[in-house]
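In full-length UniProt numbering, the protein residues as written are 1 to 334. Heads up, the beta-carbon is just placed ideally off N, CA and C, and yes, glycines get one too.
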Amino acid sequence: MKLLERVIKNAQEYQKRIVLPEGSEPRTLRAAEIILKENIARIILLGSPAEIAQVADEIGVNIKGAVIVDPKTDSRREAYADKMVEIRKSKGLAKEKALAMLNDPLVFAPMMIKAGDADGEVAGAINATGDVLRPAFQFVKTLPGVSVVSGAFIMFVNDPHFGHDGILMFADCAVMPDPDEKQLAEIAVTTAKTAKAIVGMEPRIAMLSFSTKGSAQHPLVDKVANATKIAKEMDGSLKIDGEMQLDAALMPEVAKLKAPDSDVAGRANVLVFPGLEAANIGYKLVQRLAGAEAIGPILQGMAAPINDLSRGCSASDIVNLVAITCNQAAAFEK
């Protein structure tokens, strides 16, 4: 898969510091061995050094070159706790409580990023999404002007006539159940940034609905139409159009009939769904019935790259997401 090869090659050049909070988890350690061997990233494993070494020995992996940090004894705990208290002072967070929270690797990891001691985080192999994201929301927070975190999938549809040589971005497939029009606009803008940073495509964004350009009237249609206007105000350089039905977004012959004046219709490569229900069903339909490869979710909207794994992930999934996170980290610098 040429895109993943390019993403990994870029990561090898960027050499970002990626923290893996689930440091003694076997799949994570297998992934760490591959990442270190292929020089994809600088790896930081969180946990008890003795436990990590024991598990690595039991499963026969070599993690030489990884930095191992014990959140319970690390010398930066005091500084991190002070920063946590400052960030959460409006919530009345006491330093004693902050120090106790830092025993949790899922809290320690985003504080490493906040302090500039790591460039990104990948977690979720054995932790629920909410547990991964909660401390990220509290301490890393979202990008300026963005109030919502969303999840995009890269879809390889095995047909170069669609999207960007057979690659499309779908969002939001993972986080927001029912975004309002402003949140939907933010999802569109951040997905465009992800498309540029990871895929290298010039995004053409279709805001999906069951209506195309007023062919139906309903508050749900109004939400998508208004979100399109807001997204254009947020970033006037975007090629974005809506509301639009899926066939009008992807099929040139349908676009000529339904949206002849659109510079997106029939050529869309970023599909923004009106809600999580439609998006999650949509990407899984394409994945299962059309045999598409789905990579993600890639979390977007955070002020630093923090990505959540599926608990059913493989070691190779972790390797790929670490490489993607490296590319996101480089894009943040730019």
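- If you compare the alpha carbons of ALA79, GLU22, MET244 with that of GLU51, the shortest gap goes to GLU22.
- Contact annotation: GLY275 and PRO179 have beta-carbon atoms nearer than 8 angstroms.
- For the 8 angstroms CB-CB criterion, ILE18 and GLU181 do not form a contact.
- Selection ILE40, ARG267, SER24 evaluated against LEU321 yields ILE40 as nearest (Cα-Cα).
- Apart from sequence neighbours up to five positions away, the residues of its chain that approach LYS232 with a beta-carbon distance below 7 angstroms are LEU238, ILE240, ordered along the chain.
- Here the C-alpha atom of LEU45 lies approximately 15 angstroms from the C-alpha atom of ILE306.
- Sequence-distant Cβ neighbours of LYS64 in its own chain, meaning closer than 8 angstroms and more than five residues away, are LEU36.
- Straight-line measurement puts the Cα of ASP74 at about 11 angstroms from the Cα of SER48.
- Per DSSP, ASN62 lies in no beta strand (DSSP E) and is assigned neither H nor E.
- With respect to PHE156, GLY166 sits close: the two C-beta atoms are nearer than 8 angstroms.
- Under a 10 Å Cβ-count criterion, PRO203 is classified as buried, with 16 or more other Cβ atoms of the shown protein chains found around its own Cβ.
- Taking a C-beta distance under 8 angstroms as the contact criterion, ALA279 and PHE273 qualify as a contact pair.
- Under DSSP, ASP241 shares a beta bridge with ALA206.
- As summarised for the region 136-219, the continuous beta strand (DSSP E) elements at least 3 residues long and confined to that stretch are 150-156, 167-171, 204-208, given in chain order.
- Burial state of LYS16 is buried, judged by a 10 Å Cβ sphere holding 16 or more other Cβ atoms.
- The residues CYS326, ALA330, in chain order, have a CB closer than 6 angstroms to that of TYR14 in the same chain once the five nearest residues on each side in sequence are set aside.
- A direct Cα-to-Cα measurement between GLU86 and HIS161 gives close to 52 angstroms.
- Per DSSP, GLU22 lies in no beta strand (DSSP E) segment and is marked neither H nor E.
- Of all alpha-carbon atoms in VAL286, ALA303, ALA81, the one lying nearest the alpha-carbon of ILE295 is that of VAL286.
- For PRO105, the uninterrupted alpha helix (DSSP H) run begins and ends at 105-114, by DSSP.
- According to DSSP, residue pairing for GLY120 in a beta bridge involves ILE18.
- Between the alpha carbons of ALA53 and ASP117 lies a distance of about 23 angstroms.
- LEU102 is positioned such that its CB atom lies closer than 8 angstroms to that of ALA81.
- Sorting ASN158, ARG288, PRO177 by C-alpha distance to the C-alpha of LYS2 places ASN158 at the top.
- Boundaries of the beta strand (DSSP E) harbouring GLU293: 293-300, taken from the DSSP string.
- Nearest to PHE170 by C-alpha distance, out of ARG30, ASN269, LYS334, is ASN269.
- When DSSP states are grouped into helix, strand and coil, ARG77 belongs to the helix group.
- Taking C-beta atoms as the reference points, ILE8 and ALA323 count as a pair closer than 8 angstroms.
- The beta carbon of VAL107 sits closer than 7 angstroms to those of MET101, PRO135, all from its chain and outside the five residues before and after it, given in chain order.
- Burial is judged here by how many other beta carbons sit within 10 angstroms of a residue's own beta carbon; ASN62 has fewer than 16 and is exposed.
- Residue nearest to GLU243 within the set ALA192, ALA206, PRO260, ALA255 is ALA206 (criterion: CA-CA distance).
- Minimum Cα-Cα distance from ILE230 among the listed residues THR129, GLN217, ALA197, GLU186 corresponds to GLU186.
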